[in-house]
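Chemist: Chains as they are written, first to last, in the numbering used here: chain Z, 1089 to 1574; chain Y, 1485 to 1775. Beta carbons are placed, not taken as given, at the ideal position from N, Cα and C, and that holds for glycine. Take this structure first; my questions come after.
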């Protein structure tokens, strides 16, 4: 179906049809005008020629000077040129007999006008019927005799005494010949215009449709989950297509955001579930654990004093203590009231992490930038920062480099810790904040979990970013967290 | 004024004497630039060869040491009128006007054409007409005469008709004059006339100038020979001028410039003519009652 064709073809085709229609309409109108003008010109020129000649023919007729009449009317035929106005000129006497003709072989001197052919019979009757007519125009309708087409009879009259008639005979072929030339010209010009316009039309059609085709392809692939962005430089204009590009970009952005949000929600829900599970298990463990630790303490003090028993009891005590420490670590409690965070706390953290950094020969850049005490509890923030920096020192490895930046702005405290150690893998990044997900040989895998719990409880956000050489943890903690916690 | 009347008369007389003494000198100085020879030219030859005429004029002026003016007229009648009025010294005429003028002119020279001072009349028809064998086949046709005072173009065909017992006035359906032999040939070539009688010299010469035109005509009949159109002198022209002009014409074929002009005229030269060359024409004119 024609209407199912791609716009790539439909638009240029439509354009071509319009161009062709315009060209044809213009050509047709030009040719019609040209035909009309040729016709009018011919009649006018013939009349002028006839009127001019009629004057000099008057004396020739009056003096019966056939030769003079012949010389006069054969003047326009001196050269065999195409521009010759008429096919022949005929001078008739008062009785409508040929007095002289520019083509005497066809119109014998003294022959009756009516004897020259069917066309001339009509003309003869017309002249006889209109003796006073100043200029009689007769168009032949006889196809077989079209060579004498538009005879014009001009009365050679003076003082209203008509002594003869001059006939300017035309061949329709002559006008047709000239008209053919006009047609040829028109056709060539039209072809020339088409030769220019059609490729231009094809090119513009392609240019117009190409951006639409691109958007169409991209849109059809969205369902397949391919969110490929469009380069805005592909179509920098602000027309409908530009608007479409903009809308596509906005839609794509919205879809990406939504997708990221969904992923974030899923992750947060997962983390929340893990947090709840961990907390309830920790609580369930904590209750019997306290009793068990008390029993072991009692047994140690009052139980059998033989070395084997004491050794066993010590073993139990150490094991239970380790369980208690682990459970305590899982139960992160950030909401404990503590004093406000100050710049001294950052200095403390600097002091506390210095030995570890020294041990690994890691260099730390501190860029801290806040003066007033902040509306944040100091203890969990200190713990958060220590965890992140120790983590970074671990990740940076021997002779690594760590940068810490703190700052406030937009109602939040921001902490940025980056290291130039091995970058995180995608798998690692996806499970970064889950408990016991340590990817290093050191630690129990709870450091980042604790960080996540603290940040979540302070209603902040934490995320990990990687560049080609750096791993960066970015934390934003809203100031005045009490506002949101009762 | 207190002068005596006698003194006045004496001064007047003295002035008259002086005037009488000076008159011949004044007359001589007035006639110093010689009056040009006025030469009438008629359609007896290809008289539209204007550049040839200009060269001939220069040639004659150099030879005659005197200005020459050619006076061209389109019909013999006009030239004849000029001679009658004494406005021409010399003229190149056709036989008929020469004879019709009688004692008003003297025969000065006759052109020699093809080694003879003779020419004839050709009866011509369009080349498409392959049937006509004589003027008697042209009854009811359109016929072109050169000039009513032309020998070959008017007298000869009419004489031929009368000799055949026809009425020359009503024999043709229509006749007209072209006022020149060359135009009569054109009339036949174009088909305007279905027959014409023309000067053999003009027809032959035109064949060299415009062979395409002449090829459209066909010679049907040739008349007997007549004296070539003569160059005449007005009877009042002095013998000295007569002789001078005659000698220049007779000498034309002897020098290169003259030869070149004669070649252009398609003539051999000019020779002395005799009255009896025109006896044939006189006889015809008598028979036609025109002399």
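So if I threshold CB-CB distances at 7 Å, which residues from the segment 1674-1689 of chain Y count as touching chain Z?
Modeler: The segment 1674-1689 of chain Y vs chain Z, Cβ under 7 Å: 1674, 1675, 1676.
Chemist: For residue 1072 of chain Z and chain Y, any beta-carbon pair shorter than 7 Å?
Modeler: In this structure chain Z extends from 1089 to 1574, so residue 1072 of chain Z is not present and cannot be described.
Chemist: Grouping DSSP H, G and I as helix and E and B as strand, with all else coil, what is residue 1268 of chain Z?
Modeler: Three-state result, residue 1268 of chain Z: helix.
Chemist: Could you say if the segment 1700-1718 of chain Y and the segment 1580-1588 of chain Y meet the contact criterion of at least three C-beta pairs nearer than 8 Å?
Modeler: Yes, the segment 1700-1718 of chain Y touches the segment 1580-1588 of chain Y.
Chemist: By DSSP, does residue 1600 of chain Y sit in helix, in strand, or in coil?
Modeler: Residue 1600 of chain Y: strand per DSSP, three-state reduction.
Chemist: Assign residue 1390 of chain Z to buried or exposed, taking buried as 16 or more other Cβ atoms, counted over all protein chains shown, within 10 Å of its Cβ.
Modeler: Burial call: exposed.
Chemist: Residue ranges of each alpha helix (DSSP H) run of no fewer than 4 residues wholly in the segment 1573-1652 of chain Y, ordered along the chain?
Modeler: As far as the segment 1573-1652 of chain Y is concerned, its whole alpha helix (DSSP H) runs of at least 4 residues are 1579-1585, 1640-1647.
Chemist: Under a CB-based cut-off of 7 Å, is residue 1774 of chain Y close to chain Z?
Modeler: It does not; no Cβ of chain Z falls within 7 Å.
Chemist: Thinking C-alpha only, which one of Z:1427, Z:1412, Z:1297 is nearest residue 1382 of chain Z?
Modeler: That would be Z:1412, whose Cα lies nearest to the Cα of residue 1382 of chain Z.
Chemist: Would you decide whether residue 1320 of chain Z is buried or exposed? Buried here means 16 or more other CB atoms lie within 10 Å of its CB.
Modeler: Burial call: exposed.
Chemist: Between residue 1393 of chain Z and residue 1386 of chain Z, what straight-line distance do the alpha-carbon atoms span, to the nearest angstrom?
Modeler: One C-alpha to the other measures close to 12 Å.
Chemist: Output yes if chain Z places a C-beta closer than 7 Å to the C-beta of residue 1698 of chain Y; else output no.
Modeler: False, the Cβ-Cβ gap to chain Z never drops below 7 Å.
Chemist: Based on Cα-Cα distance, which residue from Z:1116, Z:1377, Z:1489 lies nearest to residue 1448 of chain Z?
Modeler: When only C-alpha atoms are compared, the closest one is Z:1489.
Chemist: Express the C-alpha separation of residue 1299 of chain Z and residue 1558 of chain Z in angstroms, rounding to a whole number.
Modeler: Answer to the nearest angstrom: the Cα atoms are 39 Å apart.
Chemist: Buried or exposed for residue 1660 of chain Y, please, with buried defined as at least 16 other CB atoms from any protein chain shown within 10 angstroms of its CB.
Modeler: So residue 1660 of chain Y ends up on the buried side.
Chemist: Quick check on residue 1519 of chain Y: does DSSP put it in helix, strand or coil?
Modeler: Coil at residue 1519 of chain Y, not helix or strand.
Chemist: Report yes if the CB atom of residue 1603 of chain Y is closer than 7 Å to the CB atom of residue 1684 of chain Y, and no otherwise.
Modeler: Cβ distance < 7 Å, so residue 1603 of chain Y and residue 1684 of chain Y count as in contact.
Chemist: Buried or exposed: where does residue 1125 of chain Z fall if 16 or more other Cβ atoms within 10 Å of its Cβ makes it buried?
Modeler: Looking at its Cβ environment, which holds fewer than 16 other Cβ atoms inside 10 Å, residue 1125 of chain Z is exposed.
Chemist: Are at least three pairs of beta-carbons, each pair with one atom in the segment 1673-1688 of chain Y and one in the segment 1539-1559 of chain Y, less than 8 Å apart?
Modeler: As far as the Cβ criterion goes, the segment 1673-1688 of chain Y does not touch the segment 1539-1559 of chain Y, which means the pair count is below three.
Chemist: Alpha carbons only, please: which of Y:1667, Y:1675, Y:1640 is nearest the one belonging to residue 1626 of chain Y?
Modeler: Measuring from the Cα of residue 1626 of chain Y, the nearest candidate turns out to be Y:1675.
Chemist: Would you list, in chain order, the members of the segment 1192-1208 of chain Z that have their beta-carbon closer than 9 Å to a beta-carbon of chain Y?
Modeler: Result list: 1192, 1193, 1194, 1196, 1197, 1198.
Chemist: Quick check on residue 1165 of chain Z - is its C-beta less than 7 Å from some C-beta in chain Y?
Modeler: So, not an interface residue.
Chemist: How about residue 1179 of chain Z: is its C-beta nearer than 7 Å to some C-beta of chain Y?
Modeler: No, residue 1179 of chain Z does not count as interfacial toward chain Y.
Chemist: For residue 1374 of chain Z, which residues of its own chain have a beta-carbon under 7 Å away from its beta-carbon, when the five flanking residues on both sides are left out?
Modeler: Excluding residues within five positions, the ones whose Cβ falls inside 7 Å are 1415.
Chemist: Output needed for residue 1149 of chain Z: all residues of its chain with C-beta closer than 8 Å, excluding positions within five of it in sequence on either side, in chain order.
Modeler: Correct list, in chain order: 1157, 1179, 1181, 1187, 1244, 1251, 1252.
Chemist: Closer than 8 Å, Cβ to Cβ, to anything on chain C: give me those residues from the segment 1639-1669 of chain Y, in chain order.
Modeler: Checking the listed chains, one finds no chain C in this structure; the protein chains it contains are Z and Y.
Chemist: From this set, Z:1480, Z:1516, Z:1515, which residue's C-alpha is nearest residue 1507 of chain Z's C-alpha?
Modeler: Ranking the options by Cα distance to residue 1507 of chain Z, first place goes to Z:1480.
Chemist: Going along chain Y, which residues have a C-beta under 8 Å from residue 1155 of chain Z?
Modeler: What residue 1155 of chain Z touches in chain Y: 1628, 1660, 1661, 1662, 1663, 1667, 1671, 1676.
Chemist: What would DSSP say about residue 1549 of chain Z, mapped onto helix, strand or coil?
Modeler: In the structure shown, residue 1549 of chain Z sits in a strand (DSSP, three-state: E or B).
Chemist: Checking 7 Å against the spacing of the C-beta atoms, do residue 1286 of chain Z and residue 1104 of chain Z come in under that value?
Modeler: Yes. Within cutoff.
Chemist: Does the beta-carbon of residue 1207 of chain Z have 16 or more other beta-carbons within 10 angstroms, so that it is buried, or is it exposed?
Modeler: Buried: at least 16 other Cβ atoms inside 10 Å.
Chemist: Taking the alpha carbon of residue 1491 of chain Z as the point to measure from, which residue in Z:1347, Z:1499, Z:1562, Z:1337 has its own alpha carbon closest?
Modeler: With distances taken between Cα atoms, residue 1491 of chain Z lies closest to Z:1562.
Chemist: Find the residues of chain Y that neighbour residue 1188 of chain Z, judging by a C-beta separation of less than 7 Å, and give them in chain order.
Modeler: Near residue 1188 of chain Z (Cβ distances below 7 Å), the residues of chain Y are 1676.
Chemist: With a 10 Å radius around its C-beta and 16 neighbouring C-beta atoms as the bar for buried, classify residue 1427 of chain Z as buried or exposed.
Modeler: Classification for residue 1427 of chain Z: exposed.
Chemist: From residue 1653 of chain Y to residue 1589 of chain Y, what does the alpha carbon distance come to, in whole angstroms?
Modeler: Each residue's Cα considered, the two are about 31 Å apart.
Chemist: Please confirm if the segment 1607-1624 of chain Y is in contact with the segment 1724-1742 of chain Y, defined as three or more CB-CB distances below 8 Å between the two stretches.
Modeler: Judged by Cβ distances under 8 Å, the segment 1607-1624 of chain Y makes no contact with the segment 1724-1742 of chain Y, as fewer than three pairs qualify.
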